[in-house]
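**Q** In my numbering, the protein residues as written are 8 to 311.
Let me give you the structure first, and then I'll get to my questions.
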């Protein structure tokens with residue numbers, strides 16, 4: 008991990024008290040664990056003694072116990088708190104696992120990386136559920152920078168709103184909003200006439216907010232008056248070997264536009280109003296024109 012910022016690494020409900028969870032954030036393996044009291048901690052997923060994984064270990068009162076030789080590490084500081092083969096009067100050597108700051112907000116577990124300022128806004132602050140939630144996690148076979156680019160160039164390759172067709176028509180140019188690049192696309196209800204022409208008004212919009220730094224992608228399905236129908240936050244981060252870790256939460260707004268009969272029936276049946284694709288079609292991505300993503304990369308060069 009090199010970038011000093013907060014990343015979303017897991018859903019709160021994925022980490023039960025007394026349990027561990029192995030995640031990869033910004034390319035580094037992290038062992039999450041939650042104490043019996045409910046507090047979440049994050050350590051580098053390597054024991055400093057023999058470099059074995061810590062995540063298969065047991066949660067103890069003193070922290071996370073390595074499954075190999077039983078050394079226990081405090082979650083807040085990473086300091087070794089117990090070595091089983093030492094006598095009680097022997098001093099514990101100054102061994103420590105790397106510990107990362109952890110914060111939970113709106114159902115997301117965040118980990119702060121690097122040595123940057125920790126006062127930045129948590130990515131999960133952009134998400135406030137206002138309806139029944141649908142959540143998930145996956146590892147996608149696409150590199151992290153490419154995932155962000157495709158979310159601008161062709162979000163239909165990465166997610167789907169059942170009953171809706173996302174068009175390739177941009178409504179305006181990408182615009183900077185703080186640390187994100189925002190782009191609107193036209194969308195139509197499926198089965199509602201021929202494909203849209205450039206002069207046709209679109210009854211729906213798909214708005215993507217893609218970060219210039221970090222991985223908090225916010226996607227909204229809006230009606231023509233820009234009232235939200237569906238909101239989701241997809242948290243992405245670099246995994247190993249050119250893949251991307253994904254975690255998401257989303258919901259359909261309770262007081263949104265009713266939509267056509269099929270849309271209403273899916274809502275009544277409790278079906279998810281969106282799908283985040285874990286299996287990505289490489290041929291579809293290769294066919295995309297790299298257009299809005301060029302703006303993101305230009306912005307990144309300006310920031311650098």
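For glycine and all other residues, C-beta sits at the position ideal for the given N, C-alpha and C.
For the alpha helix (DSSP H) containing residue 274, name the first residue and the last one.
**A** Looking at the DSSP string, the run of the alpha helix (DSSP H) that includes residue 274 is 268 to 275.
**Q** Count the other CB atoms, across all protein chains shown, that sit within 10 Å of the CB of residue 222; report buried if there are 16 or more and exposed otherwise.
**A** Burial call: buried.
**Q** Just mark residue 24 as buried or exposed, buried being the case when its beta carbon has 16 or more other beta carbons within 10 Å.
**A** Exposed is the call here.
**Q** Tell me which same chain residues have a C-beta within less than 8 Å of the C-beta of residue 18, skipping the five on either side of it?
**A** So the list reads 114, 115, 116, 142, 144, 254 and 256, once near-sequence residues are dropped.
**Q** Check the C-beta distance from residue 88 over to residue 64 and give it rounded, since I have them as a contact under 8 Å.
**A** No, residue 88 and residue 64 are not in contact; Cβ-Cβ is about 13 Å, not under 8 Å.
**Q** For residue 129, which residues in the same chain have their Cβ closer than 7 Å to its Cβ, ignoring the five residues on either side in sequence?
**A** Result list for residue 129: 13, 110, 112 and 117, in chain order.
**Q** Using a 10 Å radius around the Cβ and a threshold of 16 neighbouring Cβ atoms, would you call residue 216 buried or exposed?
**A** Per the 10 Å Cβ criterion, buried.
**Q** Distance check for residue 35 and residue 214, CA to CA, integer angstroms please.
**A** In a straight line, the C-alpha of residue 214 is about 31 Å away from that of residue 35.
**Q** Tell me, which residues are paired with residue 107 by DSSP?
**A** Residue 107 is bridged to 49.
**Q** Distance check for residue 84 and residue 7, CA to CA, integer angstroms please.
**A** Nothing in the structure corresponds to residue 7, since the chain is present only between 8 and 311.
**Q** Report the rounded CA-to-CA distance for residue 274 versus residue 280, giving the unit in angstroms.
**A** Taking the straight line joining both Cα atoms gives about 7 Å.
**Q** Give the single residue among 173, 268 and 232 whose Cα lies nearest to the Cα of residue 226.
**A** Of the candidates 173, 268 and 232, the one whose C-alpha sits nearest the C-alpha of residue 226 is 173.
**Q** What whole-angstrom Cβ distance do residue 292 and residue 148 have, given they're in contact under 8 Å?
**A** Actually they are not in contact, since the Cβ atoms of residue 292 and residue 148 sit about 10 Å apart, beyond 8 Å.
**Q** Can you grab the Cα-Cα spacing for the pair residue 260 / residue 197, in whole Å?
**A** Distance between the alpha carbons of residue 260 and residue 197 is about 20 Å.
**Q** In the structure shown, what three-state DSSP assignment does residue 173 receive?
**A** Looking at residue 173 - three-state DSSP - the assignment turns out to be strand.
**Q** Measure the CB-CB distance between residue 150 and residue 282 and report whether it falls below 8 Å.
**A** Going by C-beta atoms, residue 150 is not nearer than 8 Å to residue 282.
**Q** Return the bridge partner residues of residue 190 from the DSSP annotation.
**A** Answer is 215, bridged to residue 190.
**Q** Going by DSSP, name the residue or residues bridged to residue 167.
**A** For residue 167, which the question treats as bridged, DSSP gives the partners 282.
**Q** Take residue 180 as the anchor and find which of 160, 170, 169 and 166 has the nearest alpha-carbon.
**A** It is 160 whose Cα lies nearest to the Cα of residue 180.
**Q** Quick one, which of 262, 245 and 218 has its alpha-carbon nearest residue 234's?
**A** With distances taken between Cα atoms, residue 234 lies closest to 262.
**Q** How about residue 315 and residue 237: are their beta carbons less than 8 Å apart?
**A** A question about residue 315 goes unanswered here, because the residues of the chain that appear run from 8 up to 311.
**Q** Between the beta-carbon of residue 107 and the beta-carbon of residue 59, is there less than 8 Å?
**A** Not a contact, by the Cβ cut-off of 8 Å.
**Q** Quick check on DSSP: helix, strand or coil for residue 183?
**A** Three-state result, residue 183: strand.
**Q** Using CA atoms only, rank isn't needed, just tell me which of 104, 67 and 194 is closest to residue 54.
**A** Among 104, 67 and 194, the Cα nearest to that of residue 54 belongs to 104.
**Q** Throw me the rounded Cβ distance for the residue 171 and residue 295 pair, which I believe falls under 8 Å.
**A** At roughly 19 Å, the Cβ-Cβ gap does not stay under 8 Å, so residue 171 and residue 295 are not in contact.
**Q** Could you tell me the distance, in whole angstroms, from the CA atom of residue 70 to the CA atom of residue 96?
**A** Each residue's Cα considered, the two are about 20 Å apart.
**Q** Among 51, 186 and 176, which has the Cα closest to the Cα of residue 298?
**A** Checked all of 51, 186 and 176; the closest Cα to residue 298 is 176.
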